[in-house]
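The working numbering applies: residue 2 is where the sequence shown begins, and numbers increase by one. Notes to accompany the following structure.
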Amino acid sequence: MPFHDDPSGGSQIDPAANLAAIEKEIETALGEAGRKPGSVTVNAVSKTHDAARIIPLLEAGHRVFGENRVQEAQAKWPPFREAYPDIELRLIGPLQTNKVKEAVALFDAIETLDRPKLAKALAKEMEKQGRSPALYIQVNTGEEPQKAGIAPDALPAFVDQCREECGLSIRGLMCIPPVSDDPAPHFALLAKLASRLEIADLSMGMSGDYLIAAQLGASHIRVGTKVFGPRPSTKVTGA
Ligand SMILES: *Cc1c(COP(=O)(O)O)cnc(C)c1O
Numbered sequence: 002m003p004f005h006d007d008p009s010g011g012s013q014i015d016p017a018a019n020l021a022a023i024e025k026e027i028e029t030a031l032g033e034a035g036r037k038p039g040s041v042t043v044n045a046v047s048k049t050h051d052a053a054r055i056i057p058l059l060e061a062g063h064r065v066f067g068e069n070r071v072q073e074a075q076a077k078w079p080p081f082r083e084a085y086p087d088i089e090l091r092l093i094g095p096l097q098t099n100k101v102k103e104a105v106a107l108f109d110a111i112e113t114l115d116r117p118k119l120a121k122a123l124a125k126e127m128e129k130q131g132r133s134p135a136l137y138i139q140v141n142t143g144e145e146p147q148k149a150g151i152a153p154d155a156l157p158a159f160v161d162q163c164r165e166e167c168g169l170s171i172r173g174l175m176c177i178p179p180v181s182d183d184p185a186p187h188f189a190l191l192a193k194l195a196s197r198l199e200i201a202d203l204s205m206g207m208s209g210d211y212l213i214a215a216q217l218g219a220s221h222i223r224v225g226t227k228v229f230g231p232r233p234s235t236k237v238t239g240a
């Protein structure tokens with residue numbers, strides 16, 4: 002896959018060095034916030050990127066990656082998995098119920114549980130396959146009509162339904178704040194909701210705001226561009 006949007010042709014981008022720099026910044030931010038060192042995991046969002054970008058990170062020892070499309074992940078990750086069995090693959094894009102079978106088989110975490118129908122389908126499929134990816138509920142903290150996720154007010158009832166009706170264990174909450182907003186209040190809200198509902202993990206923060214997220218309690222930040230450089234043309238990939 003050629004890197005159309007990268008004038009250097011990819012030669013100038015060093016994902017492993019980028020990641021190391023990000024991890025160092027995060028440790029500083031954690032220290033400033035009085036959080037425990039090492040309490041944030043960087044999810045390297047590899048959507049649209051091919052092996053040439055991913056392999057240097059694997060060779061440098063990184064294992065946690067994010068993809069937003071089931072089909073793309075299915076095409077890309079099985080060979081890497083064979084070489085590095087401890088890879089942790091996380092789904093961060095919307096999940097259709099007709100892809101639940103593939104998603105449960107492939108991913109170690111699904112961050113985009115956002116409706117009762119999906120909760121039921123996941124419960125059924127996880128039971129069938131005997132596999133239990135960590136589940137995160139996507140919360141629409143900005144209550145944007147076009148965005149996926151459970152509204153903050155509806156979250157307690159949805160968590161109850163997942164736990165009681167579907168027998169699901171909820172590992173975390175995830176949010177994508179509105180692009181034009183200060184992200185801090187959204188991250189703080191997500192942290193408050195998680196604490197109230199006794200949910201352990203918080204997936205929040207992207208290339209533009211991961212340090213704020215780290216200070217406000219993130220357990221996982223999802224960083225794509227700042228690790229891998231700009232993504233190739235979105236027309237082809239739909240990302
Ligand atoms: C693409 C994507 C990211 C990474 O975004 P960058 O700005 O490139 O770091 C994070 N989270 C989600 C849900 C994404 O789809």
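Ideal Cβ placement from N, Cα and C applies to all residues, glycine included.
In whole angstroms, what is the alpha-carbon distance linking CYS167 and GLN13?
Locating residue 167 in the sequence shown gives position 166, counting from the first residue. Locating residue 13 in the sequence shown gives position 12, counting from the first residue. Straight-line Cα distance between these residues: approximately 48 Å.
Any idea which residues DSSP pairs ARG91 with across the strands?
Position 90 of the sequence shown holds residue 91. GLY67 and ALA110, per the DSSP bridge assignment.
Nonlocal neighbours in the same chain, by C-beta distance under 6 Å from ASP210, ignoring five residues either side:
The residue given as residue 210 occupies position 209 in the sequence shown. Cβ neighbours of ASP210 beyond the five flanking positions: PRO184.
Quick check on the burial criterion: 16 or more other C-beta atoms within 10 angstroms. Buried or exposed for GLY173?
For this step, residue 173 is matched to residue 172 along the sequence shown. With 16 or more other Cβ atoms within 10 Å, it is buried.
Taking the DSSP output, what are the residues bridged to ARG223?
Residue numbering aside, residue 223 sits at position 222 when the sequence shown is read from its first letter. ASN44, per the DSSP bridge assignment.
Start-to-end residues for the alpha helix (DSSP H) that takes in ILE151
Residue mapping note: residue 151 aligns to position 150 of the sequence shown, counting from 1. Neither: ILE151 is in no alpha helix (DSSP H) and is coded neither H nor E.
With the cut-off set at 8 Å, would you say THR98 and LYS125 are in Cβ contact?
Here residue 98 corresponds to residue number 97 of the sequence shown, with the count starting at 1. Here residue 125 corresponds to residue number 124 of the sequence shown, with the count starting at 1. No, they are not a contact pair.
Nearest to ILE222 (by Cα), restricted to the options ALA122, GLU112, VAL101 and CYS163:
Within the sequence shown, residue 222 is the residue found at index 221, counting from 1. The residue with the shortest Cα to Cα distance from ILE222 is GLU112.
Can you find a heavy atom of ligand 1 that lies under 7 Å from the Cβ of MET207?
Your numbering for residue 207 matches position 206 in the sequence shown. Yes, Cβ of MET207 sits closer than 7 Å to a heavy atom of ligand 1.
Do the CB positions of ASP200 and GLY206 come within less than 8 Å of each other?
Looking up residue 200 in the sequence shown gives position 199. Looking up residue 206 in the sequence shown gives position 205. A quick correction: the sequence has Ile, not Asp, at residue 200. It is not a contact, given that the beta carbons lie outside the stated cut-off.
Evaluate the contact criterion for the region 65-73 versus the region 85-93: three or more CB pairs, one atom per stretch, below 8 Å.
yes
With distances taken between CB atoms, is the gap from LYS227 to SER204 smaller than 8 Å?
If you number the sequence shown from 1, residue 227 lands on position 226. If you number the sequence shown from 1, residue 204 lands on position 203. No, they are not a contact pair.
Residue span of the alpha helix (DSSP H) that contains SER181, given as start and end:
Within the sequence shown, residue 181 is the residue found at index 180, counting from 1. That residue, SER181, is in no alpha helix (DSSP H); it is neither H nor E in DSSP.
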